[in-house]
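There are 2 protein chains.
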Amino acid sequence: MLSIQDALEAVEGRWKLLILFSLSEKPKRFKQISREVNGITDKTLSKELKSLEANQLIRRDVHSTFPPTVEYTITPHGQSLEKVLDELHFWGLLHRKKIIGK
Amino acid sequence: MLSIQDALEAVEGRWKLLILFSLSEKPKRFKQISREVNGITDKTLSKELKSLEANQLIRRDVHSTFPPTVEYTITPHGQSLEKVLDELHFWGLLHRKKIIGK
């Protein structure tokens with residue numbers, strides 16, 4: 001039970017898994033993530049990115065272009081959540097059909 | 001992405017999956033669940049049980065004993081979350097080792 005509690009604390013709230021899902025495709029800039037994750041405010045996204053970084057689920061890279069650009073990349077540890085995301089995805093489809101779709 | 005959002009809304013917060021995990025073993029009474037889910041208050045547990053019932057993930061049965069007893073049972077739809085729980089469990093172990101255990 002403790003392991004599930006740990007997992008849920010690392011990804012708690014409704015945003016973190018969605019952000020990881022977005023980054024699982026490819027590294028992205030702040031604005032790209034913000035567009036893809038429906039309904040998130042910039043303030044919340046910024047907070048969630050910091051927390052994901054602290055949990056080593058994503059990496060923040062500053063590229064020395066002019067002006068400097070910042071990109072967020074999913075780490076191998078973040079990628080290891082992929083099966084959880086897949087199962088959530090399948091279950092979400094099922095749930096939508098059962099509860100929301102009827 | 002929408003399906004993941006649906007799934008997360010049905011099980012949002014840190015408690016619902018833990019309650020389902022506890023009920024996946026067998027039907028339980030309120031006090032049993034409360035003892036097993038570390039740190040949850042009775043008020044929160046009561047609210048979470050209502051929400052899980054509304055999403056058809058658990059069933060609330062009143063048995064006509066004297067005094068009446070109430071038991072909570074996971075539904076087949078709740079059981080369909082088992083794979084998500086399993087993957088979260090495995091990932092939680094990994095995460096604990098990587099982040100917390102070091």
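Protein sequence lines, in the order shown, are assigned to chains A and B. Going by the numbering used here, the residue at position 43 of the first sequence is 43; the numbering climbs one at a time, nothing skipped. Going by the numbering used here, the residue at position 97 of the second sequence is 97; the numbering climbs one at a time, nothing skipped. Where is the CB? At the ideal position from N, CA and C, for every residue including glycine. Small disclaimer: the values here were computed from a predicted structure and weren't measured.
For this session: Would you check if the distance between the CB atom of V84/A and the CB atom of W15/B is smaller than 8 Å?
Result: no
For this session: Sort out for me which residues DSSP pairs E71/B with in a bridge.
Result: D61/B
Exercise. Taking the C-alpha atoms as reference points, what is the distance between A7/A and S46/A?
Worked result: 21 Å
For this session: Report the residue from E71/B, T65/B, G78/B and D42/B whose alpha carbon sits nearest the alpha carbon of K98/A.
Result: G78/B
Problem set entry | Per-residue contacts from Q128/A into chain B (C-beta, under 8 Å) | Summary: the structure shown does not reach residue 128/A, with chain A confined to residues 1 through 102, and so no result is reported for it.
Problem set entry | Bounding residues of the alpha helix (DSSP H) (the contiguous stretch that carries W91/B) | E82 to H95
Problem set entry | Residue burial classification, E48/A (beta-carbon count within 10 angstroms, cutoff 16) | buried
Problem set entry | Given 8 Å, three or more beta-carbon pairs between the stretch 29 to 46 of chain B and the stretch 30 to 42 of chain A | no
Exercise. Closer than 8 Å, CB to CB, is L45/A near chain B or not?
Worked result: Judged by the 8 Å Cβ criterion, L45/A is not in contact with chain B.
For this session: Report yes or no: is there a C-beta of chain A within less than 8 Å of the C-beta of R35/B?
Result: no
Exercise. Terminal residues of the continuous alpha helix (DSSP H) containing G78/A?
Worked result: P76 to Q79
Exercise. Taking 8 Å as the CB-CB limit, is E117/B close to chain A?
Worked result: A query on residue 117/B cannot be resolved here, the shown segment of chain B reaching from 1 to 102 and no further.
For this session: Return the first residue and the last residue of the alpha helix (DSSP H) that L56/A is part of.
Result: As written in the sequence, residue 56/A is Gln, which differs from the Leu given in the question. Membership of Q56/A in any alpha helix (DSSP H) is not indicated, and neither H nor E is assigned to it by DSSP.
Exercise. Hey, how far is the Cα of S51/A from the Cα of T73/A?
Worked result: 14 Å
For this session: Could you tell me the distance, in whole angstroms, from the CA atom of E53/A to the CA atom of F30/A?
Result: In this structure, the CA atom of E53/A is about 14 Å from the CA atom of F30/A.
Problem set entry | K28/B, DSSP secondary structure in three states | strand
For this session: Indicate whether at least one CB of chain B lies closer than 8 Å to the CB of K83/A.
Result: yes
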